[in-house]
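Visitor:
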Amino acid sequence: MGSDLQKEIALPDGWCLARVQDVAEKTEQRTPRPDESFIYVDIGSINRNSKTISDPQRLKGAGAPSRARKVINAGDVLVSLTRPNLNAVALVPQALDQQIASTGFEVIKPKLVEGRYLFALVRSKEFIEAISGAVQGALYPAAKSADVQFYEFPLPPLAEQKAIADKLDTLLAQVETTKARLERIPDILKRFRQSVLAAAVSGRLTEVWRTGKACEAWRVLGLGEIVGEIEQGWSPKCLSYPASVNDWGVIKTSAVQSIDFVSAENKKLPNELKVREKLKVSPGDILTTRAGPRSRCGITCYVQTVDRNLMICDKVYRYRVREEHGISKFLALQLNEFQ
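At position 189 of the sequence shown the residue is numbered 188 (numbering that gives the first Met the number 0), and the sequence of numbers has no breaks.
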């Protein structure tokens, strides 16, 4: 394997190829005393997103599981052998020095190498793919200790390992900061949308346009005064795939998004079931979800166009503004102001 990898990789000066077992010490295992209190790290303790130990348990030896055997020290690298494709890995912090981890981990104890460099290694795509490709067991796939210990990788000199680890710490911290900012964007956009809608339905958006014009006074009306019949749909047992443009389908609640109607979110009506033409979705309809998760209940959209034959489901209300009171799209914008 070494010669094959060397052919593929042009190593920088001073670098060499090594296996994990070449740079790691053997892990100590012991059975906790019945009266001993310790912190136990199992697979569920690992936060796979942050690659940290976020939820360890404090146990007594008498009630400890049989897998609580591997002694861990600060700076050790934990690699879950179960479902390695999920990459449940972590670097042991000082607070967990001399505690105990599950035998479901391969514990890499760095020897004369920078532990943070090995921690970066086990998070790499190459490592994950190599270990995942070696799993055994279809129902409970797990890698073996040897799969990790025999993994071969390029190893720089110690000083360069530390420089790489320092640079990675800085860059990954920037990545996390950027990620946190990106995660706030949907809320920022939602607030902006609400402010625009509020301006539209209060008259502020057209304030300049109205200046000097003789406009009909705005009126406040109740919803029941301006909408026609409110209908509820039908939810027969449909097929698992969407209807084509030549078929009939029943919309899913996910077809109703804030303001927008997504016609592709539907299920095909079986050919043996009779179409209910009265429930057909048409341009100009206002649709509001009446059931589902709290975050999805009360969502309202305006149907601008429909590219296929669709019926409303029983978790959606359909209505329109009476012609003498204006257009449905304006009402849909008003209702979206409060979402």
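Here a beta-carbon is modelled for each residue, glycine too, at the ideal position from N, C-alpha and C.
What's the gap between the Cα of L117 and the Cα of E182?
Guide: Going by the C-alpha atoms only, they are around 29 Å apart.
Visitor: When we look at the beta-carbon of E271 and count the other beta-carbons within 10 Å, is it buried (16 or more) or exposed?
Guide: So E271 ends up on the exposed side.
Visitor: With distances taken from CA atoms, which of T26, S327, A61, L77 is nearest S44?
Guide: Ranking the options by Cα distance to S44, first place goes to L77.
Visitor: Since I believe K266 is in contact with P292 (beta carbons under 8 Å), could you give me their beta-carbon distance rounded to a whole number of angstroms?
Guide: About 19 Å; that fails the 8 Å criterion.
Visitor: Only counting the same chain, and skipping five residues up and downstream in sequence, which positions put a Cβ closer than 7 Å to that of A89?
Guide: For A89, where only same-chain residues beyond five positions count, the Cβ hits under 7 Å are I45, K50, T51, I52, L77.
Visitor: Just the Cα atoms here: how many angstroms apart are G248 and A172?
Guide: Near 48 Å, if we compare the C-alpha coordinates of A172 and G248.
Visitor: With a CB to CB cut of under 8 Å and the five nearest residues on each side skipped, what residues in its chain are close to G232?
Guide: So the list reads V249, I250, L278, M310, I311, C312, D313, K314, V315, R317, once near-sequence residues are dropped.
Visitor: Would you kindly report the start and end of the unbroken beta strand (DSSP E) that includes Y116?
Guide: Here Y116 belongs to no beta strand (DSSP E); instead the alpha helix (DSSP H) covers 114 to 121.
Visitor: With distance defined between alpha-carbon atoms, name the residue in E128, A290, P155 nearest to V112.
Guide: Closest by alpha carbon: P155.
Visitor: Quick check on the burial criterion: 16 or more other C-beta atoms within 10 angstroms. Buried or exposed for E128?
Guide: With fewer than 16 other Cβ atoms within 10 Å, it is exposed.
Visitor: If we require 3 or more residues per run, which beta strand (DSSP E) segments fall completely within the stretch 33 to 88?
Guide: Counting whole runs of 3 or more residues, the stretch 33 to 88 contains the beta strand (DSSP E) stretches 36 to 40, 56 to 59, 67 to 71, 76 to 79.
Visitor: Could you compute how far the alpha carbon of A179 sits from the alpha carbon of P185?
Guide: Between A179 and P185, the C-alpha separation is close to 12 Å.
Visitor: Measure the C-alpha to C-alpha separation of L167 and A158 and round it to an integer number of angstroms.
Guide: Each residue's alpha carbon lies about 14 Å from the other.
Visitor: Give the secondary structure of T252 by DSSP, where H, G and I count as helix, E and B as strand, and everything else as coil.
Guide: Helix, per DSSP.
Visitor: Which word fits P11, buried or exposed, when buried means at least 16 other C-beta atoms lie within 10 angstroms of its C-beta?
Guide: Exposed, since its Cβ has fewer than 16 Cβ neighbours within 10 Å.
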